[in-house]
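Asks: In numbering that gives the first Met the number 0, the protein residues as written are 0 to 219. This is the structure I want to talk about, given as structure tokens.
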Amino acid sequence: MSGYEWDFRAAFLHPELWLNALSVTLGYAVATTALGLLLGVICGMMLLSRYWIFRAPVSGFVQVFRCTPLLIQIIWFYYALPVAVNLTIPAWLAAGMGLTFYMAAFSAEIFRAGIMSIDRGQWYAARAIGMMSWQVMSRIVLPQATRRMMPPFVNQSVLQLKNTSLLSIIAVPDLMYTAQVFVSDTFRPLEIYTTLGIIYLIILYPMQKLAKMLERRDDI
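Set out below in structure tokens:
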């Protein structure tokens with residue numbers, strides 16, 4: 000490989016395809032992160048419920064999606080679920096379901112841990128002066144917990160963007176799938192995947208810096 004001649008022109012023969020793939024990747028990342036966060040907060044609240052009937056099914060959901068690889072989940076939604084329900088599930092929907100539920104499972108645990116990290120003494124003190132439970136949660140617990148939740152939520156969002164690269168397994172035209180197409184057309188895998196890595200770095204580095212900044216702010 001010492002005599003290999005690098006030629007990055009192959010990576011930029013069709014820049015419009017990179018732009019389209021970037022829009023698909025970012026679209027999936029933003030949409031599934033938002034939906035996953037919303038579902039995760041709802042699930043996190045149910046995990047904190049005193050009633051077993053609410054906690055048990057949500058706990059099962061969280062464990063299933065946290066303890067199985069996302070790649071397997073995406074494949075299952077695309078190939079196995081249609082057989083189980085006798086319906087055709089398009090690739091875009093299977094991909095969205097896998098990413099959303101995966102994000103929701105981790106977000107639920109982040110939310111639960113954030114709430115539980117607040118000293119119970121603050122609950123008791125607020126209740127002792129006559130505050131209702133919802134007032135304690137909204138005025139005392141959530142403002143503090145949200146500050147602690149932000150860094151892990153941002154880190155999980157970074158991971159979510161990375162996870163979109165798995166969508167290529169079911170031919171969703173994201174960045175990874177487009178790179179694979181370029182490789183098959185140009186036979187220049189080193190240049191194509193190097194370019195792909197740089198694209199991910201440009202997108203993810205600012206998000207990583209934001210997570211670090213939030214962590215430092217929380218330490219103050």
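Backbone N, C-alpha and C define an ideal beta-carbon position, used for all residues, glycine too.
1) Going by other Cβ atoms of all chains shown within 10 Å of its Cβ, with 16 needed for buried, is Phe-186 buried or exposed?
2) For my contact list, Ser-106 and Val-40 are in at a C-beta cut-off of 8 Å; report their separation, rounded to the angstrom.
3) Excluding five sequence neighbours on each side, which residues of the same chain lie with their C-beta closer than 8 Å to the C-beta of Ile-198?
4) When the Cα of Cys-240 is compared with those of Tyr-50, Arg-49 and Val-57, which residue comes out closest?
5) In terms of residue numbering, what span does the alpha helix (DSSP H) encompassing Glu-15 cover?
6) Distance, Cα to Cα, Glu-15 vs Met-96?
7) What residue range is occupied by the uninterrupted alpha helix (DSSP H) comprising Thr-185?
8) Decide yes or no for the touch test of the stretch 85 to 105 against the stretch 54 to 69: beta carbon pairs closer than 8 Å, at least 3 of them.
9) So, helix, strand or coil for Arg-147, using DSSP?
10) Could you check how far apart the C-beta atoms of Met-45 and Arg-54 are, in whole angstroms? I think they sit under 8 Å.
Replies: Straight from the coordinates:
1) exposed
2) 7 Å
3) Trp-17, Leu-21 and Leu-174
4) Nothing about residue 240 can be reported from this structure: the residues present for the chain run from 0 to 219 only.
5) 14 to 46
6) 27 Å
7) 174 to 185
8) yes
9) helix
10) 7 Å
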